[in-house]
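Numbering (my numbering), first residue to last: 1455 to 1773.
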């Protein structure tokens, strides 16, 4: 079903190419008619050419990203259906509908602007020096400490301190995690694997960062999940992917930046006028209405002040 929808969508897009010329009576394949053109079908003398079918197949492949096992006859049949509908729409005068004409014009501009972007990206050159500079910037941001740790999660501080006391007496961390931890990693001995600080809640990451490899926390670490006893097993600096692995993606990113700069230059050298809608002034209030509004605001303000005062008093009392 999805494949059929994509096929129909692509065929419709091709029809737009033939319909976008204002007042045009051309069919779906007129743009492809040259000497030696292979005509696969006709609809009321309008040809469906092999070039049209090849174009639809190419667009379908881009959109579906799936292997194509559709025979040419199926493509031709779909284009015939679309041409029949296109001709009927013209007979009904639908082309003269302002909304449809606007959509056709917008579609034509979209197709041509996309083609221009593809052409620009293809012709834009990116030097090795540009790629290296961009990679160095990316690599500097990517480098960060990475830790391998285990933890024992407990519901209250007393239980966490009891676990630390057992560790101080030589108990095995993994065995304690299996017996005592309430977290999902407990059965695995509290194993968390490798992680960067941003993957954990701040209190947890900060506690791990302060430890040395092989050390465990001397005091329980409180988070919204409960109380943790943490041991840091290993640490290392996370390395970004190699330049060779990132070369293509970095090149594309640089081309995108150049495209944005190019669009800005085109705008700067074009006469662009953006008309902002005028905002109608608010109607003037009568003195009586203004006085009534002020009375309505005052109780609400007083109530907010009272709530704020209570909140401050409560916070102060708990300190």
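All residues carry an ideal CB built from backbone N, CA and C; glycine is no exception.
Please classify residue i as buried or exposed, where buried requires at least 16 other C-beta atoms within 10 Å of its C-beta.
{"i": "residue 1500", "result": "buried"}
{"i": "residue 1606", "result": "buried"}
{"i": "residue 1478", "result": "Note that residue 1478 has pLDDT 49, beneath the 50 cutoff, so the model's placement of it is unreliable and no number is given."}
{"i": "residue 1638", "result": "exposed"}
{"i": "residue 1670", "result": "buried"}
{"i": "residue 1674", "result": "buried"}
{"i": "residue 1644", "result": "buried"}
{"i": "residue 1683", "result": "buried"}
{"i": "residue 1559", "result": "exposed"}
{"i": "residue 1732", "result": "exposed"}
{"i": "residue 1726", "result": "exposed"}
{"i": "residue 1537", "result": "buried"}
{"i": "residue 1704", "result": "buried"}
{"i": "residue 1668", "result": "exposed"}
{"i": "residue 1640", "result": "buried"}
{"i": "residue 1540", "result": "buried"}
{"i": "residue 1728", "result": "exposed"}
{"i": "residue 1583", "result": "exposed"}
{"i": "residue 1506", "result": "buried"}
{"i": "residue 1608", "result": "buried"}
{"i": "residue 1734", "result": "exposed"}
By DSSP, does residue i sit in helix, in strand, or in coil?
{"i": "residue 1604", "result": "strand"}
{"i": "residue 1690", "result": "strand"}
{"i": "residue 1598", "result": "strand"}
{"i": "residue 1732", "result": "coil"}
{"i": "residue 1640", "result": "helix"}
{"i": "residue 1752", "result": "Legend: pLDDT at residue 1752 = 46, less than 50; position of this residue unreliable, no value from coordinates given."}
Comparing alpha-carbon positions, which option in the options lies nearest residue i?
{"i": "residue 1690", "options": "1597, 1515, 1622 and 1605", "result": "1597"}
{"i": "residue 1510", "options": "1492, 1566, 1529 and 1608", "result": "1529"}
{"i": "residue 1646", "options": "1705, 1586, 1603 and 1548", "result": "1603"}
{"i": "residue 1508", "options": "1526, 1497 and 1519", "result": "1526"}
{"i": "residue 1573", "options": "1594, 1616, 1709 and 1629", "result": "1709"}
{"i": "residue 1575", "options": "1711, 1732 and 1727", "result": "1711"}
{"i": "residue 1589", "options": "1722, 1716, 1733 and 1693", "result": "1693"}
{"i": "residue 1634", "options": "1681, 1551, 1665 and 1696", "result": "1681"}
{"i": "residue 1699", "options": "1732, 1723, 1585 and 1622", "result": "1585"}
{"i": "residue 1497", "options": "1516, 1552 and 1532", "result": "1532"}
{"i": "residue 1594", "options": "1697, 1624 and 1577", "result": "1697"}
{"i": "residue 1591", "options": "1695, 1653, 1730 and 1569", "result": "1695"}
{"i": "residue 1580", "options": "1724, 1546 and 1707", "result": "1707"}
{"i": "residue 1659", "options": "1519, 1601, 1561 and 1701", "result": "1601"}
{"i": "residue 1716", "options": "1551, 1578 and 1628", "result": "1578"}
{"i": "residue 1701", "options": "1636, 1723 and 1587", "result": "1587"}
Output needed for residue i: all residues of its chain with C-beta closer than 6 Å, excluding positions within five of it in sequence on either side, in chain order.
{"i": "residue 1766", "result": "Interpretation of residue 1766 is limited by its pLDDT of 33, a score under 50 that renders its predicted location unreliable; no figure is taken from the coordinates."}
{"i": "residue 1665", "result": "1686"}
{"i": "residue 1611", "result": "1674 and 1681"}
{"i": "residue 1493", "result": "1501 and 1503"}
{"i": "residue 1718", "result": "none"}
{"i": "residue 1491", "result": "1503"}
{"i": "residue 1648", "result": "1600 and 1602"}
{"i": "residue 1628", "result": "1643"}
In chain order, what residues of the same chain have a beta carbon less than 8 Å from the beta carbon of residue i, not counting five sequence neighbours either side?
{"i": "residue 1655", "result": "1677, 1678 and 1679"}
{"i": "residue 1618", "result": "1670, 1671, 1672, 1673, 1674 and 1683"}
{"i": "residue 1661", "result": "1671, 1675, 1682 and 1684"}
{"i": "residue 1554", "result": "1548"}
{"i": "residue 1620", "result": "1630"}
{"i": "residue 1543", "result": "1549"}
{"i": "residue 1495", "result": "1501, 1502, 1530, 1533 and 1534"}
{"i": "residue 1599", "result": "1650, 1651, 1663, 1689, 1690, 1691 and 1692"}
Whose C-beta lies closer than 7 Å to the C-beta of residue i among residues of the same chain, with five residues either side of it excluded?
{"i": "residue 1563", "result": "none"}
{"i": "residue 1632", "result": "1640, 1641 and 1643"}
{"i": "residue 1571", "result": "1713"}
{"i": "residue 1615", "result": "1674"}
I want to check one thing, is the minimum distance from the CB of residue i to the heavy atoms of the ligand ADP below 8 Å?
{"i": "residue 1544", "result": "You won't find the ligand ADP in this model; it holds no ligand whatsoever."}
Using beta carbons (cut-off 9 Å, strictly below), is residue i in contact with chain C?
{"i": "residue 1575", "result": "You won't find chain C in this structure, because it holds only one protein chain."}
Residue ranges of each alpha helix (DSSP H) within the segment 1488 to 1556, 4 or longer: 1504 to 1518 and 1526 to 1545
Beta strand (DSSP E) runs contained entirely in the segment 1655 to 1700, provided each spans 3 or more residues: DSSP runs (the beta strand (DSSP E)) wholly in the segment 1655 to 1700: 1675 to 1677 and 1680 to 1692.
Quick check on the DSSP output: what are the complete alpha helix (DSSP H) runs of length 4 or more inside the segment 1698 to 1723, in order along the chain? none
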